[in-house]
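Numbering (the numbering used here), first residue to last: 2 to 183. In this text, a Cβ means the ideal position worked out from N, Cα and C, and glycines have one as well. Structure first, commentary second.
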């Protein structure tokens with residue numbers, strides 16, 4: 002809360018922490034190679050031109066293993082290299098551990114749908130209308146893990162705001178910023 006051009010300059014000194022909860026959230030990390038071949042029409046010039054293209058990318062696609070939440074999954078990156086085996090003795094006593102509500106198969110399906118939506122977005126950078134699109138997915142591994150996330154409420158000028166903070170790095174993943182007039 003010490004930096005950022007949109008926040009009030011006195012936010013760090015004048016804010017008061019009301020509540021902080023450490024929750025270990027469940028995630029599926031789907032390591033996947035996705036290749037999309039497409040054909041579309043580029044209409045920004047006259048006459049319109051038919052274009053064909055290919056998008057091929059490797060992802061470690063993150064799927065939150067909960068049915069309904071407002072968590073910024075796309076902005077969050079879990080490095081697979083940093084994962085350690087689960088040991089309940091290392092979990093803080095005050096922390097809450099949430100179990101999965103999404104199966105492995107559901108996570109794979111969600112990842113495929115999300116990637117196809119992402120590829121559609123990327124395609125629309127090159128074409129204005131998509132005529133056809135075919136995506137092939139190759140899954141290399143699917144990992145289930147928990148990661149620590151802080152959910153923080155703070156008060157500033159008699160208003161309550163929320164923060165979601167990565168419990169490993171301390172990075173703010175999502176946060177409400179009080180209104181500041183320049």
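In this structure the stretch 102-120 lies against the stretch 32-52, because at least three pairs of beta carbons, one per stretch, are closer than 8 Å.
Here the stretch 129-139 makes no contact with the stretch 13-26; the two share fewer than three CB pairs at distances below 8 Å. According to DSSP, residue 49 shares a beta bridge with no other residue. Look at residue 106 here: in three-state DSSP terms it is helix. Taken atom to atom, the span from the alpha-carbon of residue 154 to that of residue 162 is near 6 Å. Here DSSP, grouped into helix, strand and coil, assigns residue 121 to helix.
Counting every other CB atom within 10 Å of its CB across the protein chains shown gives residue 125 a total below 16, marking it as exposed. With a threshold of 16 other beta carbon atoms within 10 Å, residue 63 meets it and is buried. In the structure shown, the three-state DSSP call for residue 182 is coil.
One thing to note: residue 40 has its Cβ within 8 Å of the Cβ of residue 51.
Rounded to the nearest angstrom, the Cβ distance from residue 30 to residue 85 is 14 Å, too far for a contact under 8 Å.
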